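Add 17 to the 1-based position in the sequence shown for this note's numbering, that's all there is to it. C-beta: ideal position from N, C-alpha, C; glycine also. Treat the numbers as computed from the prediction; the structure is a model and nothing was measured. Structure record follows, encoded as structure tokens.
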Amino acid sequence: MKTLIPQLALLLFLSMPAHADQAIDLEAKLKETTESSSSGGKLMEELVDLYWKDEKVFGIIRTTSKFSRAQTENPKRAAMTLKLVEGYTVTARHDDVIMTGRQFLEIFPGHTLTNRVREYIATAYENTGRGNLAAIEYQTIWENNGSTSQGIKALGLFNQVNDGASFNRASSLAAAMVVKIPATSLLTGVGFQGMHAAERAEQWAEGLQIAKTLIRRNAPINELKKQDLWFRTGRFESKLGQFENAIQSYRQALKSKRADVHSSLIDAMISAKKPPSAIESEAKKYLAAFPKRDDRFTPLVKAANAAAEAKDLTRALTIAESVMLHDVTNQNLLQSYVKWHGDNHSLAARG
Numbered sequence: 018m019k020t021l022i023p024q025l026a027l028l029l030f031l032s033m034p035a036h037a038d039q040a041i042d043l044e045a046k047l048k049e050t051t052e053s054s055s056s057g058g059k060l061m062e063e064l065v066d067l068y069w070k071d072e073k074v075f076g077i078i079r080t081t082s083k084f085s086r087a088q089t090e091n092p093k094r095a096a097m098t099l100k101l102v103e104g105y106t107v108t109a110r111h112d113d114v115i116m117t118g119r120q121f122l123e124i125f126p127g128h129t130l131t132n133r134v135r136e137y138i139a140t141a142y143e144n145t146g147r148g149n150l151a152a153i154e155y156q157t158i159w160e161n162n163g164s165t166s167q168g169i170k171a172l173g174l175f176n177q178v179n180d181g182a183s184f185n186r187a188s189s190l191a192a193a194m195v196v197k198i199p200a201t202s203l204l205t206g207v208g209f210q211g212m213h214a215a216e217r218a219e220q221w222a223e224g225l226q227i228a229k230t231l232i233r234r235n236a237p238i239n240e241l242k243k244q245d246l247w248f249r250t251g252r253f254e255s256k257l258g259q260f261e262n263a264i265q266s267y268r269q270a271l272k273s274k275r276a277d278v279h280s281s282l283i284d285a286m287i288s289a290k291k292p293p294s295a296i297e298s299e300a301k302k303y304l305a306a307f308p309k310r311d312d313r314f315t316p317l318v319k320a321a322n323a324a325a326e327a328k329d330l331t332r333a334l335t336i337a338e339s340v341m342l343h344d345v346t347n348q349n350l351l352q353s354y355v356k357w358h359g360d361n362h363s364l365a366a367r368g
């Protein structure tokens, strides 16, 4: 080994001038040859191979550009154009990457190298602050049998753009991905990103579709994450008017002591026109669970209103009185209390 390494180093050193001389010779021959001819194509192929071995990027760019332009019928034109795109990428000529890449996609729309070209275009968009356009390229790669990582990259970029159109795209992409990708932690991550996007885009049906897919496919999640999944499911169902389903989902999520989940459950019960007694009972459970919260009486106020709407004025008045024993600052409740007494104002005053 001690004698082999110096020999290899010497061989490499001696080969570099030989490559340079060979390139000069080939360039001279190319000048005397029609670039669009078969012999011109072969000369350019040899030149690119030399420049590639010697990492002469500008030589690669110059020669592959000529090849792509002149050798329009050559079967190696696509591969040469890809090398041109790679050369532009190395030299950070991002706009040239995008322009040449776009030309490639127009000329070779179904080529096996399409995804690789799109990835270079996407990287150029990212490097020039055009995340949304980069995300569209990554999404197209995934849809064209690309890797899961490409779809995840697109999803993340869409969410980073942070506008309605990008959230719409992210939601739709996630809905497509959760059906196809393996049921690993990647599925969980994609699903939650997709539900976030669906909420931001107000795509309730798509968000519910994603949530149900995660549940159906038994996505690997811990207990807290599972309860959050059920909470999101309930929110989507509530937005779609599926209040009975939402009640069941919120109850699944209520295994952890969360005020937002409990409050949402009570709201869904009210929207589903559940019996006033059931709503009152749940509101009392909320008060018992969160006795120090500023909104601890809010569910009881809602329960009183629900009872009044159901024509159960006795229950509405009783609930209101129980609240007013501790909180007389709720003007809406005081006004409702008086109204529920009808013409018997003296009784309302005593209450």
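Within 8 Å, strictly: CB atoms of residue i and residue j
{"i": "Pro293", "j": "Ala263", "result": "no"}
{"i": "Glu52", "j": "Lys83", "result": "yes"}
{"i": "Gly163", "j": "Asn144", "result": "no"}
{"i": "Ala276", "j": "Glu297", "result": "no"}
{"i": "Gly148", "j": "Gln177", "result": "yes"}
{"i": "Thr81", "j": "Thr98", "result": "yes"}
{"i": "Tyr68", "j": "Gly76", "result": "yes"}
{"i": "Gly17", "j": "Ile227", "result": "The chain is shown from 18 up to 368; residue 17 falls before or after that span and cannot be answered."}
{"i": "Val74", "j": "Val107", "result": "yes"}
{"i": "Ala270", "j": "Gly258", "result": "no"}
{"i": "Ala214", "j": "Ala236", "result": "no"}
{"i": "Met194", "j": "Gly173", "result": "no"}
{"i": "Val278", "j": "Phe248", "result": "yes"}
{"i": "Ile138", "j": "Ile124", "result": "no"}
{"i": "Phe175", "j": "Ala152", "result": "yes"}
Secondary structure of residue i, DSSP reduced to three states
{"i": "Val345", "result": "coil"}
{"i": "Pro293", "result": "helix"}
{"i": "Ala141", "result": "helix"}
{"i": "Ser183", "result": "helix"}
{"i": "Lys243", "result": "helix"}
{"i": "Asp113", "result": "helix"}
{"i": "Met33", "result": "Because the pLDDT at Met33 is just 49, under 50, the model does not fix this residue reliably, and the value given afterwards should be weighed accordingly. In the structure shown, Met33 sits in a helix (DSSP, three-state: H, G or I)."}
{"i": "Gly57", "result": "helix"}
{"i": "Ala96", "result": "helix"}
{"i": "Phe253", "result": "helix"}
{"i": "Gln220", "result": "coil"}
{"i": "Arg233", "result": "helix"}
{"i": "Gly148", "result": "helix"}
{"i": "Lys169", "result": "The residue you asked about is not Lys; residue 169 is Ile in the sequence shown. In this structure, Ile169 counts as helix in the three-state DSSP scheme."}
{"i": "Asp66", "result": "helix"}
{"i": "Lys309", "result": "coil"}
{"i": "Arg79", "result": "helix"}
{"i": "Thr50", "result": "coil"}
{"i": "Ala193", "result": "helix"}
{"i": "Glu90", "result": "coil"}
{"i": "His279", "result": "helix"}
{"i": "Arg288", "result": "Reading the sequence as shown, one finds Ser at residue 288 and not Arg. Ser288: helix per DSSP, three-state reduction."}
{"i": "Glu326", "result": "helix"}
{"i": "Pro338", "result": "According to the sequence as given, residue 338 is Glu; it is not Pro. Reduced to three states, the DSSP call for Glu338 is helix."}
{"i": "Val355", "result": "helix"}
{"i": "Lys302", "result": "helix"}
{"i": "Phe260", "result": "helix"}
{"i": "Ala365", "result": "Bear in mind that the predicted position of Ala365 carries a pLDDT of just 48, short of 50, making it unreliable; the figure below should be weighed with that in mind. Correct three-state label for Ala365: helix."}
{"i": "Ile238", "result": "coil"}
Local Cβ density within 10 Å of residue i, reported as buried at 16 or more and exposed below that
{"i": "Asn322", "result": "buried"}
{"i": "Asp284", "result": "buried"}
{"i": "Leu334", "result": "buried"}
{"i": "Glu103", "result": "buried"}
{"i": "Pro92", "result": "exposed"}
{"i": "Lys290", "result": "exposed"}
{"i": "Leu342", "result": "exposed"}
{"i": "Glu136", "result": "buried"}
{"i": "Ala305", "result": "exposed"}
{"i": "Gly127", "result": "exposed"}
{"i": "Thr89", "result": "exposed"}
{"i": "Glu261", "result": "exposed"}
{"i": "Glu299", "result": "buried"}
{"i": "Ser273", "result": "exposed"}
{"i": "Glu62", "result": "buried"}
{"i": "Arg313", "result": "buried"}
{"i": "Pro308", "result": "exposed"}
{"i": "Lys170", "result": "buried"}
{"i": "Ile78", "result": "buried"}
{"i": "Gly146", "result": "exposed"}
{"i": "Leu241", "result": "exposed"}
{"i": "Gly359", "result": "exposed"}
{"i": "Val196", "result": "exposed"}
{"i": "Val345", "result": "exposed"}
{"i": "Ser56", "result": "exposed"}
{"i": "Glu338", "result": "exposed"}
{"i": "Leu364", "result": "Since pLDDT at Leu364 reaches only 48, below the 50 mark, its modelled position is unreliable, and no value is offered."}
Residue-level contact to chain C via CB, residue i, 8 Å cutoff
{"i": "Leu190", "result": "This model lacks chain C altogether; it includes just one protein chain."}
**Message:** Tell me whether the stretch 178 to 185 and the stretch 200 to 207 touch, counting them as touching only if at least three CB pairs, one residue from each stretch, are closer than 8 Å.
**Reply:** A contact between stretches requires three or more CB pairs, one per stretch, nearer than 8 Å, and the stretch 178 to 185 fails this requirement with the stretch 200 to 207.
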